[in-house]
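Q: Below: one structure in structure tokens.
In UniProt numbering, the protein residues as written are 1 to 141.
See the structure below:
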């Protein structure tokens, strides 16, 4: 699997305006707390069974021991999947890790992100979209 041994690379993912996103769920794993956010448009698409539109961001805000550790950003763009070999592609989603100062975390392996999310192909490569219909203004846990 030599082709998968890459690290974060500059790609099309842009850090979003967090104030424009909705915190719809929280996942807790020991000392790790992950707040997951997306756009109101994506939430409406999921609720109505429609495809998530290009331009959508999903952001995982990763806290360790109560402190902001990093951001994991998924962004969907028109024909962005063509940037990758078929074996690495996750439809038109691209992934990026950012440090708390919002600079790209070049130590992370984005191919690993794609590999993991490929297992969620049936839910548009998302792990927590199933929680969106249950969101009523308070993040679902």
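The beta-carbon is built from N, C-alpha and C at its ideal position, and this holds for glycine as well. The model shown is predicted, which means the values in this text are computed figures rather than measured ones.
Answer yes if the stretch 45-52 comes into contact with the stretch 66-74, meaning at least three C-beta pairs across the two stretches below 8 angstroms, and no otherwise.
A: With the cut-off at 8 angstroms, the stretch 66-74 and the stretch 45-52 do not touch.
Q: Taking the beta strand (DSSP E) that residue 13 belongs to, which residues open and close that run?
A: Careful: residue 13 lies outside any beta strand (DSSP E) and carries neither H nor E.
Q: To the nearest angstrom, how far is it from the Cα of residue 139 to the Cα of residue 53?
A: C-alpha separation (whole angstroms): 22 angstroms.
Q: Excluding the five sequence neighbours on either side, which residues of its own chain have a C-beta within less than 7 angstroms of the C-beta of residue 99, listed in chain order?
A: Closer than 7 angstroms at Cβ, skipping near neighbours: 70 and 105.
Q: Could you say which of 76, 18 and 34 lies nearest to residue 12 if we only look at CA atoms?
A: Residue 76 is the option with its Cα nearest to residue 12.
Q: Using a threshold of 8 angstroms, state whether the C-beta atoms of residue 34 and residue 59 are closer than that.
A: No, the pair does not count as a contact, with Cβ atoms beyond the cut-off.
Q: DSSP three-state call for residue 132: helix, strand or coil?
A: Note: residue 132 maps to helix in three-state DSSP.
Q: For residue 78, tell me which candidate among 128, 88 and 92 has the shortest Cα-Cα distance.
A: Nearest C-alpha to residue 78: 92.
Q: Scan the stretch 16-66 and note each continuous alpha helix (DSSP H) run of 4 residues or more that stays entirely inside, going in chain order.
A: Here the runs fully enclosed are 40-47.
Q: Since residue 93 is in the beta strand (DSSP E), which residue starts that stretch and which ends it?
A: It spans 93-98 - the beta strand (DSSP E) in which residue 93 sits, taken as one unbroken run.
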